[in-house]
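Notes follow once the structure below has been shown.
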Amino acid sequence: MTWLTSLTIAIGLVCHPVVAQALTPASASISPAHQQRDAFVTDLLKKMTLEEKVGQLRLISVGTDNPKEAIREMIRKGQVGAIFNTVTRPDIRAMQDQVMQLSRLKIPLFFAYDVVHGHRTIFPIALGLASSWDMAAIAKSARVSAYEATEDGLNMTWAPMVDITRDPRWGRVSEGFGEDTWLTSKIAGVVVKAFQGDNVTGRHSLMTSVKHYALYGAVEGGRDYNTVDMSPQRMFQDYMPPYKAAIDAGSSGVMVALNSINGTPATSNRWLLKDILRDQWHFQGITITDHGAIKELIKHGVASDPRDASRLAVKSGIGMSMSDEYFVRYLPELVKSGAVSMQEIDDACRQVLNVKYDMGLFDDPYRHLGPAGSDPADTNAESRLHRLEARDVARKSLVLLKNRLQTLPLKKQGTIAVVGPLADSQRDTMGSWSAAGVVKQTITVYQGIKNAVGDKATLLYAKGANVSNHKGIIDFLNLYEDAVQVDTRSPQVMIDEAVQVAKKADVVVAVVGEAAGMAHEASSRSNIVLPQSQRDLIAALKATGKPLVLVLMNGRPLALVREDQQADALLETWFSGTEGGNAIADVLFGDYNPSGKLPMSFPRSVGQIPIYYNHLPSGRPYTPENPGKYTSHYYDEANGPLYPFGYGLSYTTFSVSDVRLSSQTMKRNGTVDASVTVKNTGSRAGETVVQLYLHDVVASISRPVKALQSFEKVMLQPGESRTVTFTIDKDALTFYNARMQQVVEPGQFDVMIGLDSQRVKRGSFTLL
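Count the sequence shown with mature numbering (1 follows the signal peptide of the UniProt record, and there is no 0) and you get residues -22 to -1, 1 to 746, in order.
Set out below in structure tokens:
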């Protein structure tokens, strides 16, 4: 079955036979190394019992559900293929020892963990990393993370998360790289290569499992675990490329999403897992379910019982089941009854054995552990951290949103008031999915400012408010751990204290936003304004008349119209990690000139969602200059985002010249160069991101009003100019048409170059 034929069956497209023929995938070549691996695995499969094969498909978590004594017995019986959530060398070594000593065939385990934005040294959350628009910095964060994780004996990470999302209500926005396909795809490839290195068997190479395949970021209403219903054009034009980019970069694993796609859960979606992933994209690695996903097929309404769910999953192409006992319970009897073939079990087991071979575990099961005597004396030792790298990356991720009358940078003198519920919170500075990071090793904003000013300025501190006064929200955030500390004083007493502190200061730095748990898995929000407790605090601080700097900590774009009006300066810091406080202080005091740019649009209100820059045109477009009544807009609010995609200020200013094109026409297999001159027109050295956007003016289907196709980050001294040139080729002009053909159509293309997605200079050329 061809890719397009299966697509037709899955979503009901009507296609011409010639199209299906054109998209039939070529056979994937098999390297000599893979031939050697396949021969080894084939021989091993011949030696394995059915129960041992099924056991390899089981990925279990160490914890209350699976105490160590029970795991030891499972290992002896060959009922475990891999383990996650164990992050110390002694524990990992002990379990690998059990395999080597107790199991019949001594097939090694692999060990995995959610190393998303750091392992022991925590870097900014993924949305913050994307804000750097700095591929070298992002690669540095992944290389350090891989080093630290493999030093703890880990073999695989559940990363990168490359789900495109345009709905900031979704809590997992914090784990991804934003709304743009091109930028996310670029980062996906960089992160995979940095994690895995040149050779995935290397001592400090960490195998990746790209997630969540597929379309998880498009869940309806931004509600986690919800459904997705999407046209094939949008699916393959906007949402699928980042997964493919990660696979093309060599990701050996794919974590399967929890959502359904056009009615079929990803976990039981043969079209997704076989027709696209295997046949079309030639993926040869392992597909792993998300946590408990096979059980959920029953609640999705596509499986009648556990036995049926197991059958569906394995026949659809699942290789390994995470934290789900269904496979080990039901697959043996399914094979014996003929409902599942032995070949299907072998295919799934081969996935697991292949990645273990690729990790080099059959040559050395202790490859990432080293000699038994080499384990660190102190697992959490300060010497194991990479603070310089974390600080460097974190300050590149910060985005200056507002700077009225040059309120920033601050001077290291006078009296500075530092207030806010997040100002001295180590847990929240680290952010969600902080792996093996130690809270007490994190630098808060208050501590960072204190480190920066030393004895040159007087610092005053007041908490001012709790993150929220809503008991239900606090109870939710503290459901599994004591994550949010609540000050039991009355809200008014706390605000009064903060106001008194502010009145004594020359400037007020208020650190506000979300607790880390508010931007996490299962933390979708119906309203994305600041909690009322913090809004009350900001209003009281504003009333003092003192210059007000708002430092934002958050894992998603927030609706900040009111705060934008109140603040003299706004600095977006996301959750910036272990060295976050020092990095933020570097920017606040001008020791580092901010250069970050937003990877997601910030809406004015939740009612605008979804709002993203690369939307399709309307037949009745809204223009601020001539709005008109019968145009696509809201009449009760200013239209457009509060802060657009690609936006970010600096302590200096830049100008961009008109666009210069090397030609007004382009042949189909030719290129056109688009150039601008960028000048630093301010008084400080600084970096900015020059962004190229394209628009296909007339096509067989509507194309986005603009779409990012390249960018370059440039550093300029005061008064310095530089020519930035982008080469445009046919790949930048390709799209999926109504028949799901990838085409390049002749006609006019607008070229837009600027420092964000809204303020651009324009040119155009014609594709012949």
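The C-beta atom is built at its ideal place from N, Cα and C for all residues, glycine as well.
Just so it is clear, the structure is predicted and the values come from calculations on it, not from any experiment.
Best match in the options for proximity to residue i [C-alpha to C-alpha]
i: D474; options: N456, L251, H448 and A443; result: A443
i: K380; options: V676, G697 and L538; result: L538
i: R160; options: K739, F713, D728 and V722; result: Rather than Arg, the amino acid found at residue 160 in this sequence is Trp. Ranking the options by Cα distance to W160, first place goes to F713.
i: K31; options: V292, K691 and Y671; result: V292
i: G297; options: P219, K708 and L251; result: L251
i: T701; options: G725, V683, L519 and L639; result: L639
i: H182; options: G338, A281 and D43; result: G338
i: R36; options: A60, T20, D21 and T27; result: A60
i: V19; options: L363, E311 and D325; result: D325
i: M234; options: P210, L275 and M208; result: The question names Met, yet the displayed sequence has Val at residue 234. The candidate whose alpha carbon is nearest that of V234 is L275.
i: residue 755; options: Y335, G228, Q543 and L455; result: What the structure shows of the chain is the stretch from -22 to 746, and residue 755 is not part of that stretch, so it cannot be assessed.
i: F454; options: K418, V417, G491 and S501; result: S501
i: D674; options: F155, E723 and M644; result: E723
i: R82; options: M52, P102, W111 and Y91; result: M52
i: A440; options: G606, V667, A401 and I706; result: A401
Residue i in three-state terms, based on DSSP
i: G154; result: coil
i: R737; result: coil
i: S5; result: Confidence at S5 is low in this model, with a pLDDT of 43, below 50, so the placement of that residue should be treated as unreliable; the coordinate-derived value is given next. Note: S5 maps to coil in three-state DSSP.
i: L455; result: helix
i: I188; result: Looking at the sequence shown, residue 188 is not Ile but Val. Note: V188 maps to strand in three-state DSSP.
i: A317; result: coil
i: A(-3); result: With a pLDDT of 30 at A(-3), under the threshold of 50, the modelled position of that residue is not reliable, and no figure is offered here.
i: H278; result: helix
i: Q211; result: helix
i: E665; result: strand
i: V462; result: coil
i: Y629; result: coil
i: T420; result: coil
i: S288; result: helix
i: residue 753; result: Coverage of the chain is limited to positions -22 through 746, which leaves residue 753 absent and any answer about it impossible.
i: F62; result: strand
i: S635; result: coil
i: V721; result: strand
i: V396; result: strand
i: P243; result: strand
Exposed unless 16 or more other CB atoms sit within 10 angstroms - verdict on residue i
i: Y612; result: exposed
i: residue 778; result: Summary: the structure shown does not reach residue 778, with the chain confined to residues -22 through 746, and so no result is reported for it.
i: K575; result: buried
i: V(-9); result: For V(-9), the predicted model reports a pLDDT of 32, less than 50, meaning its position is unreliable and no value from the coordinates is stated.
i: W572; result: Per the sequence shown, the amino acid found at residue 572 is Pro instead of Trp. When all chains shown are included, P572 counts as buried.
i: R405; result: buried
i: K222; result: buried
i: A350; result: exposed
i: H364; result: buried
i: H448; result: exposed
i: Q262; result: buried
i: Y308; result: buried
Beta-carbon gap between residue i and residue j smaller than 7 angstroms
i: V93; j: A413; result: yes
i: I142; j: M408; result: no
i: F704; j: L672; result: no
i: V445; j: V489; result: no
i: V487; j: V377; result: no
i: A244; j: R289; result: no
i: Y194; j: N237; result: yes
i: G664; j: S699; result: no
i: V197; j: T162; result: no
i: K428; j: A480; result: no
i: R503; j: R147; result: yes
i: S735; j: Y591; result: yes
i: S319; j: S246; result: no
i: residue 748; j: K684; result: The question about residue 748 has no answer here: the residues shown for the chain are numbered -22 through 746.
i: S680; j: N715; result: no
i: K166; j: A224; result: It is Ala, not Lys, that sits at residue 166 in the sequence shown. Yes, they are a contact pair.
Min CB distance residue i to chain D below 7 angstroms
i: K524; result: Any reference to chain D falls outside this structure, which holds one protein chain only.
Should the segment 613 to 620 be regarded as contacting the segment 715 to 726, the criterion being three or more beta carbon pairs within less than 8 angstroms?
The segment 613 to 620, when compared against the segment 715 to 726, does not touch it at the 8 angstroms Cβ threshold.
Taking 8 angstroms as the threshold, find out whether the segment 116 to 130 comes into contact with the segment 367 to 377 through three or more Cβ pairs.
yes
At least 3 beta-carbon pairs within less than 8 angstroms: the segment 339 to 357 vs the segment 62 to 78
Yes, since at least three Cβ pairs between the segment 339 to 357 and the segment 62 to 78 fall closer than 8 angstroms, the two stretches touch.
Is there contact between the segment 565 to 584 and the segment 126 to 135, where contact requires at least three CB pairs shorter than 8 angstroms?
Cβ pair count under 8 angstroms is below three, so no.
Would you be able to state if there are at least three C-beta pairs under 8 angstroms between the segment 654 to 664 and the segment 627 to 640?
yes
Does the count of Cβ pairs from the segment 162 to 176 and the segment 263 to 278 closer than 8 angstroms reach three?
no
Contact between the segment 555 to 564 and the segment 517 to 528 is defined here as three or more beta-carbon pairs at a separation below 8 angstroms; is this criterion met?
No, the segment 555 to 564 is not in contact with the segment 517 to 528.
Quick check: the segment 544 to 552 against the segment 383 to 394, are at least 3 beta-carbon pairs closer than 8 angstroms?
yes
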